[in-house]
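J.:
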Amino acid sequence: MTGQPLSDRFQYKTADALRRKAEALCVDLPFDSDIRILLEPADVGGRRVPNRLAAQPMEGCDATPDGAPGELTPRRYERFASGGSGLIWFEATSVAAGARANPRQLFLSADTAPAFRRLVDLTRAAARRQFGDRHDPYLVVQLTHSGRFSRTAEDGGRKAACFNPHLDREPLPEWADEDLDGVRETFVRAARLAADAGFAAVDIKACHGYLVHELLGAHTRLNSRYGGSFEHRVRLLMDIVSAVRAQVPAIAVAVRLNATDGVPYPYGFGVSPEGGTAVDLAEPRRLARMLADAGCVLLNISAGIPNFVPHLGRPFDRPVAGTAPPPEHPLLGVARLIGLGAAIQSEVPAVPVVATGLSWLRQFWPPVAAGLLTRGMAGFAGLGRGVFAYPDAAADLMTRGVLDQTKCCIACSRCTELMRAGSSAGCAVRDHPLYASLHRAAKPPAGSAP
Ligand SMILES: Cc1cc2nc3c(=O)[nH]c(=O)nc-3n(C[C@H](O)[C@H](O)[C@H](O)COP(=O)(O)O)c2cc1C
Numbered sequence: 002m003t004g005q006p007l008s009d010r011f012q013y014k015t016a017d018a019l020r021r022k023a024e025a026l027c028v029d030l031p032f033d034s035d036i037r038i039l040l041e042p043a044d045v046g047g048r049r050v051p052n053r054l055a056a057q058p059m060e061g062c063d064a065t066p067d068g069a070p071g072e073l074t075p076r077r078y079e080r081f082a083s084g085g086s087g088l089i090w091f092e093a094t095s096v097a098a099g100a101r102a103n104p105r106q107l108f109l110s111a112d113t114a115p116a117f118r119r120l121v122d123l124t125r126a127a128a129r130r131q132f133g134d135r136h137d138p139y140l141v142v143q144l145t146h147s148g149r150f151s152r153t154a155e156d157g158g159r160k161a162a163c164f165n166p167h168l169d170r171e172p173l174p175e176w177a178d179e180d181l182d183g184v185r186e187t188f189v190r191a192a193r194l195a196a197d198a199g200f201a202a203v204d205i206k207a208c209h210g211y212l213v214h215e216l217l218g219a220h221t222r223l224n225s226r227y228g229g230s231f232e233h234r235v236r237l238l239m240d241i242v243s244a245v246r247a248q249v250p251a252i253a254v255a256v257r258l259n260a261t262d263g264v265p266y267p268y269g270f271g272v273s274p275e276g277g278t279a280v281d282l283a284e285p286r287r288l289a290r291m292l293a294d295a296g297c298v299l300l301n302i303s304a305g306i307p308n309f310v311p312h313l314g315r316p317f318d319r320p321v322a323g324t325a326p327p328p329e330h331p332l333l334g335v336a337r338l339i340g341l342g343a344a345i346q347s348e349v350p351a352v353p354v355v356a357t358g359l360s361w362l363r364q365f366w367p368p369v370a371a372g373l374l375t376r377g378m379a380g381f382a383g384l385g386r387g388v389f390a391y392p393d394a395a396a397d398l399m400t401r402g403v404l405d406q407t408k409c410c411i412a413c414s415r416c417t418e419l420m421r422a423g424s425s426a427g428c429a430v431r432d433h434p435l436y437a438s439l440h441r442a443a444k445p446p447a448g449s450a451p
């Protein structure tokens with residue numbers, strides 16, 4: 002796979018230099034050189050979380066064909082756990098066989114549940130071995146239905162909430178309301194299995210264009226109980242949250258939510274009805290309050306649809322090979338993401354929000370994360386690509402107080418390239434030779450998505 006030149010090499014040698022760049026770009030980037038707050042315990046729904054560092058959900062695309070954790074899956078979670086993250090948000094895990102975004106996505110079913118139980122046990126054991134009994138990470142599993150992006154649906158079985166000219170070359174078949182009614186039960190079933198497996202919480206995934214999120218922006222789905230008005234568009238998410246709360250009391254409920262889609266109105270959520278893609282947080286704020294009232298214990302704020310506006314959700318220097326360079330300085334993307342999280346956090350101060358989009362900051366994410374936490378702009382600092390590259394960042398902060406710059410993510414998009422090429426995903430730069438050799442062997446997908 003050939004790379005493209007870096008569009009804007011990260012060139013900041015000191016936090017001050019980065020701060021000056023933020024000022025020049027007129028973005029508000031909080032900094033706090035005292036990072037101890039990141040290592041303080043937190044409370045989530047009455048449970049102690051050992052620190053405020055979260056491993057974000059990161060798909061490794063390495064499940065067995067039936068959706069059980071494969072050979073590389075335990076390696077990833079053992080690394081996250083022994084690396085010290087206090088909150089580990091397990092990757093997208095399908096609630097139905099035909100709803101997987103790729104054939105190697107995890108799928109939580111009655112058949113695979115025992116393997117998930119083992120995965121949970123070994124993750125917790127890895128943390129305990131490293132840090133002792135008091136360090137018991139909070140484990141969330143992200144439950145998803147891939148909707149229009151289901152790659153394992155039978156031929157013709159892939160359905161959309163409504164036509165979206167920005168995402169579809171041609172219209173897909175659309176969901177009937179009666180079929181959407183049934184989706185709630187698949188989430189409840191998976192939540193029950195997740196509780197049995199030992200997870201502390203399930204995330205009802207409502208981001209990145211997948212089914213539950215797609216419905217949030219389904220303004221043009223008319224004459225449906227699941228589209229058109231705000232109340233109708235949030236129905237499936239709210240119904241699933243209430244049903245899981247009522248029927249599976251043993252597990253807490255979290256939501257990863259897109260605060261804005263970057264898809265022009267009326268085809269996106271969190272965008273201004275005035276037109277274009279301008280951010281409008283009126284609905285995301287209202288939804289966050291509803292989720293808090295419904296008993297959600299954690300929110301995790303993201304943005305964008307990965308194939309359509311990748312820079313919005315994962316600010317990068319080097320784009321996926323063959324795709325466009327980012328249309329803005331990545332620091333603008335970082336500031337937007339943390340600003341979105343902060344806006345939602347201010348709406349629901351009692352529900353911790355996991356901040357997204359810190360990896361591009363390299364060795365400077367801890368002071369920014371500390372700034373966010375001390376100002377009440379987030380409850381946890383989440384690292385996605387950063388935790389693929391540097392799973393023991395938390396441990397280094399505990400022992401040395403600073404990060405090793407040579408272990409940080411460089412926002413090069415190779416992990417996404419691996420995923421797009423149908424390979425297993427990980428860090429081809431910092432976690433070699435394993436993922437570097439997979440990256441060398443990976444072929445770009447035919448007719449690669451934009
Ligand atoms: C290879 C890869 C896999 C990802 N898998 C998931 C996933 O399973 N669920 C999810 O909500 N986000 C997923 N994301 C998005 C990340 O969780 C995160 O939001 C994004 O990378 C931005 O955060 P960062 O700057 O810390 O990387 C993925 C991103 C990448 C690059």
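75 is the number that this note's numbering gives to position 74 of the sequence shown; each next residue is one higher, with no gaps. For each residue, glycine too, the CB sits at the ideal point set by N, CA and C.
#1: Look at L109 and A201 and say whether their C-beta atoms are less than 8 angstroms apart.
#2: Which class does I345 belong to by DSSP, given the choice of helix, strand or coil?
#3: Check whether the Cβ of P327 sits closer than 7 angstroms to any heavy atom of ligand 1, and report yes or no.
#4: Following a CB-centred definition, is P353 positioned closer than 7 angstroms to any heavy atom of ligand 1?
#5: Once you ignore the five residues that flank A437 on each side, which residues in its own chain have a CB closer than 6 angstroms to its CB?
#6: Under DSSP, the alpha helix (DSSP H) around Q406 begins and ends at which residues?
#7: Which first and last residues belong to the alpha helix (DSSP H) in which T15 is found?
#8: How is V96 classed by DSSP in three states: helix, strand or coil?
#9: Quick check on A18: buried or exposed, where buried means 16 or more other Cβ atoms within 10 Å of its Cβ?
#10: At a cut-off of 7 angstroms, would you count A426 as near ligand 1, judging by its Cβ distance to the nearest heavy atom?
#11: Between the beta-carbon of S95 and the beta-carbon of T15, is there less than 8 angstroms?
#12: Kindly indicate which three-state DSSP category E175 falls into: helix, strand or coil?
#13: For L168, count neighbouring Cβ atoms within 10 angstroms of its own Cβ and tell me buried if that reaches 16, exposed if not.
#14: Just to confirm, is the Cβ distance from L404 to S425 under 8 angstroms?
#15: DSSP on Q131, reduced to helix/strand/coil?
#16: Output the residue ranges of the alpha helix (DSSP H) runs that lie fully inside the segment 293 to 355 and measure 4 residues or longer, sorted by chain position.
#17: Put F91 into one of helix, strand or coil per three-state DSSP.
#18: Who pairs with F11 in a beta bridge, going by DSSP?
#19: Using a Cβ-based criterion (distance less than 7 angstroms to any ligand heavy atom), does H209 qualify as near ligand 1?
#20: Within this structure, are the beta carbons of L384 and V369 separated by less than 8 angstroms?
#21: Going by the C-beta, is Q131 closer than 7 angstroms to any heavy atom of ligand 1?
#22: Is H214 buried or exposed, if buried means 16 or more other CB atoms sit within 10 Å of its CB?
#23: Are the beta-carbon atoms of T153 and L120 separated by less than 8 angstroms?
#24: Note the first and the last residue of the continuous beta strand (DSSP E) segment covering A139.
#25: If you measure between the beta carbons of R101 and C62, is that distance less than 8 angstroms?
#26: So is T3 buried or exposed if we call it buried at 16+ other beta carbons inside 10 Å?
#27: How far does the alpha helix (DSSP H) with G372 in it reach, from first residue to last?
#28: Is the Cβ-Cβ distance between R1 and C163 less than 8 angstroms?
#29: From the DSSP secondary-structure annotation, give me the bridge partner or partners of F108.
#30: Grab the span of the alpha helix (DSSP H) containing L384 for me, first residue to last.
T.: For this structure:
#1: no
#2: helix
#3: no
#4: no
#5: A429
#6: First-last for Q406: undefined, no H or E at that position.
#7: Neither: T15 is in no alpha helix (DSSP H) and is coded neither H nor E.
#8: coil
#9: exposed
#10: yes
#11: no
#12: strand
#13: buried
#14: no
#15: helix
#16: 311 to 314 and 331 to 348
#17: strand
#18: Looking at the DSSP assignment, F11 forms no beta bridge with any residue, so it has no partner.
#19: yes
#20: no
#21: no
#22: buried
#23: no
#24: According to the sequence provided, residue 139 is Tyr. The question's Ala does not apply to it. It spans Y139 to T145 - the beta strand (DSSP E) in which Y139 sits, taken as one unbroken run.
#25: no
#26: Note that T3 scores 40 on pLDDT, short of 50, meaning its location in the model is unreliable and no value can be drawn from it.
#27: W366 to T375
#28: Past the edges of the chain, shown from 2 to 451, lies residue 1, and the structure says nothing about it.
#29: S95
#30: L384 -> not in any alpha helix (DSSP H); beta strand (DSSP E) instead, spanning F381 to L384.
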